[in-house]
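The numbering used here puts the first residue of the sequence shown at -19, with every later residue one more than the last.
We put the CB at the ideal spot given by N, CA and C, even for glycine.
Remember, predicted model here, so these are calculated numbers, not experimental data.
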Amino acid sequence: MSNNKRAKYSNFQKTHDKMPKSKINHGPCSIYNCNKSSNDFRCLSNLAIRKASAKGNLRLYPYLQPGYQICSPHYTSIVENQLPEPTSAPAQAFIPTTLPVKPSIGSGVTCDAINALSSAGVSVTHQTVYNYKKKIADEHPIRVKKYFDENKNNLCIYNLDDYHNIHENRRPDCTSLSSAVYLATCVAKSVEKSDPVPIMFNNKSVHNSNNIDASIVCEKLINQYQYCFDLSYSQQMAQWNSSFSNFDRIEQLSIHFYDNVIEEQKEEHKMKGAMLVGVKEQQLHSMQDYLNALNIVFDYNKEIGHLDGNVAPIVANWPGQHYIHQALIHFHKKNENSIPKEIVSVVPLLGPLHVALNTKEQVIMELLDNIVPASLDIYALLFRSGSFDNYVETIFRIWTFALRWHRKNYNKAPLAFLSDLFYWEKIEHPMREAIKKNLVQFNDYWVENMHSRIRATTSPKDAADNIQKQAYLLDFHKYSAFREMFSTTKRYPYSPRDLKFLTTKTCIFLISQFQEIYRKNEETNLVSSKIPSPLKRRKKKELPTSYNLPTLGEIDITSMPTGYSTLFPPLFNNCDHCYKILNINDQTIILICGHGFHLECYNSMEKKCRHCLNYYKKGIWKNVNAFLNGLNSEKNFDKDLDDDAQEDTEEDNNNSEETEIDQLNRQESLELDLLNRISEINSW
């Protein structure tokens, strides 16, 4: 550069520095509907566009070009990628679960606080969130109609369950004692490549005219299942030829964590093919309540006709089965004109999740070989593997547990399910084959998953209307790739090493218990001093109601094997058929029910324990009749039928002060102790 040019440039620079500076970027922000209250704007350079494109942030703003001006909050989020852009629709739905302050109307933060955060550039305004949720809720019926229209030629399975806001306020006021919100939730799940099941097939209806048929259940018990119940579940399972799916231990332990962010269940818990049909503010405590809830589905049928002539299987808990059966009885008897004609499509089915959860609540003496494996496998293994025949057998076996425990309602619910299955098999209706072919789809998981998501994103301050909007929002974004990108998964709190440690401790405890029982084997006495004669049929009032066991103390007969609940409790050293002594040299058999026989006597009874068979038959007739009487009754039965609204609590195990070396030492010590205990068994 020449000296003259340098002098001119120097004079220009001095003159420019003395002039007052003015802003180059005056705005406005080029983002559509920008609501940021910022006075700072930045121009998008070619480099900024390349950076934003490389980070994938321009997918939401394809219209941005070099030279466009945007406000500083948007520039920070798009180019520097510090926060997801909150003005986009996916981000508005996702921000409440990504930002630590959870700036949404469902997080308990006041509207003023949300608006203040919006001014700071880290959130949208309260009104924006509300308007977006309202828009999603208003458009939800259109999406449901489209779903049913697209799946008219597929089998659809429904879940109907009640949801209550467990975060209720218990502070009483002048009008109410509680602010709990009760909602009825309906979810539909389509089964691809499976045709709808017709109501009528070969002029036979899917509905049994007897409703629940005790005779058909007893017939199956005698001819097919009684022999199975004489063996323990573990013995019977060893005879099955089915190949079950391989589920590792942690995966099986986490199946009742319904949240889809659980890493071990992430794929299985995705709501593929499921649709939230509706959420309605009401309780589910009567037949009319269930009819009102079913109208959520029936109203769509009036426009689309997807139920016309087809079966609508509804997987429900016990109250759902009872009240839907009751509605069907009244409809066929024409007792109620108010019952919609669409009810004829509804077939209530037993929910495997509720069966599994309810059987786990009981602990009895035979748990290691019978109760625990049966109750754990019924959902975790048999149902999820699609082992239909084994699943049905285990449902029947679990009913025998409920009968012995006098478990109200669950000594009836499996009978309704079994009666329908055996009836469909008898008339060769395709409904049974549809369940057998698609067993894993007949699940009550879908509604439980939805309830889990709702609970995770609501607070005590949410009214019913807000919870409904949140439910529709969650359903709308259940396939969101944007959400998946930013979601953090949770792991099962126990590692395989922790489970091995707990297993070893359990084994040591059980061996100690077995050793104590073995030592006191001959000290068992009846609490009742009167011992009736075994040679005649005993009256029920003469039977003992409990036993005094030296190791475990006084035990109720409901916690003893089935034989102790019959009119012929097992004899101590005698055959329960011929009443002769069971000698060591004789060929004998001791059944899981507690009864013992000479092998010759057992074979003469066609390899069926007659005492338990009669007990089961009476239980079937008694509970079926009680069920039918309840269906024909005008009054509602107790609404506290099952207590399945339990919350799983998570504990933080990361704060343990125990070092890894200490844990290894404890593990080695326990394993050594276990080996020593096992080696000492022969010297008991």
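Margin query: Taking the alpha-carbon of L308 as reference, which of S18, N191, C23 and Q262 has the nearest alpha-carbon?
Written below: To locate residue 308, count along the sequence shown from 1; it is residue 328. Minimum Cα distance to L308 is reached at N191.
Margin query: Between A414, I122, L140 and L395, which has its C-alpha nearest V186's C-alpha?
Written below: Counting from one through the sequence shown, the residue named residue 186 turns up at place 206. When only C-alpha atoms are compared, the closest one is A414.
Notebook entry, point to check: Using DSSP with H/G/I as helix, E/B as strand and the rest coil, what is M430?
Noted result: Sequence index remark: in the sequence shown, residue 430 carries index 450 (1-based). Reduced to three states, the DSSP call for M430 is helix.
Item checked: N661 burial status per 10 Å Cβ neighbour count (16 or more: buried) -> For the purposes of this step, residue 661 is taken as the residue at position 681 of the sequence shown. The sequence given here places Ile at residue 661; Asn does not occur at that position. I661 is exposed by the Cβ-count criterion.
Note to self: Considering only the alpha carbon of each residue, which of G574, Y559 and Y582 lies closest to T568?
What the structure shows: Start at 1 with the first residue of the sequence shown, and residue 568 comes out as number 588. Of the candidates G574, Y559 and Y582, the residue whose Cα lies closest to the Cα of T568 is Y582.
Next item on the list: For I319, I'd like the list of residues in its chain whose CB is within less than 8 Å of its CB, leaving aside the five on either flank, ordered along the chain.
Entry: If you number the sequence shown from 1, residue 319 lands on position 339. Taken in chain order, the residues that qualify are L271, A307, H310 and F311.
Check: Is the region 248 to 262 in contact with the region 165 to 172, if contact means three or more CB pairs nearer than 8 Å?
Finding: yes
Notebook entry, point to check: For the region 439 to 456 against the region 264 to 279, are there 3 or more C-beta pairs whose distance is under 8 Å?
Noted result: Under the 8 Å Cβ criterion, the region 439 to 456 does not count as touching the region 264 to 279, having fewer than three qualifying pairs.
Note to self: Tell me the residue span of the alpha helix (DSSP H) that contains Q306.
What the structure shows: The count along the sequence shown starts at 1 and reaches residue 306 at position 326. Here the alpha helix (DSSP H) through Q306 covers W298 to H312.
Notebook entry, point to check: Can you tell me where the beta strand (DSSP E) with G576 in it begins and where it stops?
Noted result: For the purposes of this step, residue 576 is identified with residue 596 of the sequence shown, where counting begins at 1. Counted as a single uninterrupted DSSP element, the beta strand (DSSP E) harbouring G576 occupies residues G576 to H578.
Next item on the list: Check whether the Cβ atoms of H120 and Y452 sit closer than 8 Å, and answer yes or no.
Entry: In the sequence shown, residue 120 corresponds to position 140, counting from 1. In the sequence shown, residue 452 corresponds to position 472, counting from 1. With respect to Y452, H120 sits close: the two C-beta atoms are nearer than 8 Å.
Next item on the list: Find out if the Cβ-Cβ distance for the pair M251, N131 is shorter than 8 Å.
Entry: Along the sequence shown, one-based indexing puts residue 251 at 271. Along the sequence shown, one-based indexing puts residue 131 at 151. No, the Cβ-Cβ distance between M251 and N131 is not below 8 Å.
Note to self: Tell me which residue opens and which closes the beta strand (DSSP E) that A254 is part of.
What the structure shows: Here residue 254 refers to the residue found at position 274 of the sequence shown. Looking at the DSSP string, the run of the beta strand (DSSP E) that includes A254 is A254 to E261.
Next item on the list: Reducing DSSP to helix, strand and coil, say where K441 ends up.
Entry: The residue you call residue 441 lines up with position 461 of the sequence shown. Of the three classes helix, strand and coil, the one that applies to K441 here is coil, per DSSP.
Notebook entry, point to check: Is it buried or exposed for Q206, if we count other Cβ within 10 angstroms and need 16 for buried?
Noted result: As a working note, residue 206 is residue 226 in the sequence shown. That one is buried.
Next item on the list: Check whether the region 278 to 297 touches the region 592 to 600, taking contact to mean three or more Cβ pairs, one atom from each stretch, closer than 8 Å.
Entry: no
Check: Do K485 and L734 come within 8 Å of each other at the CB atom, strictly closer than that value?
Finding: The requested residue 734 is not part of the displayed model; the chain covers only -19 to 664.
Next item on the list: Inspect the beta-carbon positions of L163 and V259 and report whether they are closer than 8 Å.
Entry: Locating residue 163 in the sequence shown gives position 183, counting from the first residue. Locating residue 259 in the sequence shown gives position 279, counting from the first residue. Going by C-beta atoms, L163 is nearer than 8 Å to V259.
Checklist line | Secondary structure of R590, DSSP reduced to three states | finding: By 1-based counting over the sequence shown, the position of residue 590 is 610. Correct three-state label for R590: helix.
Notebook entry, point to check: Looking at C-alpha atoms only, which residue of V291, H302, N565 and K313 is the closest neighbour of E322?
Noted result: The residue you call residue 322 lines up with position 342 of the sequence shown. Looking at the Cα atoms, V291 is the closest of the given residues.
Checklist line | Endpoints, alpha helix (DSSP H) assigned at I50 | finding: On the sequence shown, position 70 is the one that residue 50 refers to. From DSSP, I50 is part of no alpha helix (DSSP H) but of the beta strand (DSSP E) over Q49 to C51.
Next item on the list: Let me know the alpha helix (DSSP H) ranges lying completely inside the region 158 to 188, each 4 residues or longer, listed in chain order.
Entry: none
Item checked: Three-way DSSP call (helix, strand, coil) for F397 in this model -> By one-based count along the sequence shown, residue 397 stands at place 417. Here F397 sits in helix by DSSP.
Next item on the list: Determine contact between the region 7 to 19 and the region 28 to 39, defined as no fewer than three beta-carbon pairs at a distance below 8 Å.
Entry: no
Check: Which one or two residues does DSSP pair with C23 in a beta bridge?
Finding: Position 43 of the sequence shown, counted from the start, is the residue given in the question as residue 23. Paired residues: Q49.
Margin query: On a Cα-Cα basis, can you pick out the residue from A117, S18, A218 and C23 that is closest to S98?
Written below: Start at 1 with the first residue of the sequence shown, and residue 98 comes out as number 118. Checking every option, the nearest Cα to that of S98 belongs to S18.
Item checked: Residue(s) in a DSSP beta bridge with V326 -> Stepping through the sequence shown from its first residue, residue 326 is reached at position 346. Beta-bridge pairing links V326 to A292.
Checklist line | Whole-Å CB distance - F181 paired with P524, under 8 Å assumed | finding: Within the sequence shown, residue 181 is the residue found at index 201, counting from 1. Within the sequence shown, residue 524 is the residue found at index 544, counting from 1. About 51 Å separates the beta carbons of F181 and P524, which is beyond the 8 Å limit, so they are not a contact pair.
Check: From D141 to L330, what does the alpha carbon distance come to, in whole angstroms?
Finding: As a working note, residue 141 is residue 161 in the sequence shown. As a working note, residue 330 is residue 350 in the sequence shown. Straight-line Cα distance between these residues: approximately 13 Å.
Margin query: Please tell me whether T165 has its Cβ less than 8 Å away from any Cβ of chain D.
Written below: Protein chain content of the structure displayed is limited to a single chain, and chain D is not contained in it.
Item checked: Identity of the residue in Y527, G543 and T542 nearest D536 by Cα -> One-based indexing of the sequence shown puts residue 536 at position 556. When only C-alpha atoms are compared, the closest one is Y527.
Notebook entry, point to check: Bridge partners of I535, per DSSP?
Noted result: Numbered from its first residue, the sequence shown carries residue 535 at position 555. DSSP lists Y527 as partners of I535.
Notebook entry, point to check: When burial is assigned at 16 or more other CB atoms within 10 Å of the CB, is I351 buried or exposed?
Noted result: Translated into the one-based positions of the sequence shown, residue 351 becomes position 371. At I351 the pLDDT is 46, less than 50, meaning the model places this residue with poor confidence and gives no usable figure here.
Next item on the list: Compare the C-alpha of E199 against each of P176, N183, S212 and K406 and name the closest.
Entry: Residue mapping note: residue 199 aligns to position 219 of the sequence shown, counting from 1. For the residues P176, N183, S212 and K406, the minimum Cα distance to E199 belongs to K406.
Check: Going by Cα to Cα distance, which pick from K587, N317, Y112 and H302 is closest to P394?
Finding: Here residue 394 refers to the residue found at position 414 of the sequence shown. Selected option, being the one with the closest Cα: H302.
Item checked: Residue from Y596, I491 and T546 whose Cα sits closest to the Cα of R377 -> Along the sequence shown, read from residue 1 onward, the residue named residue 377 stands at position 397. Taking only the C-alpha atoms, the option nearest R377 is Y596.
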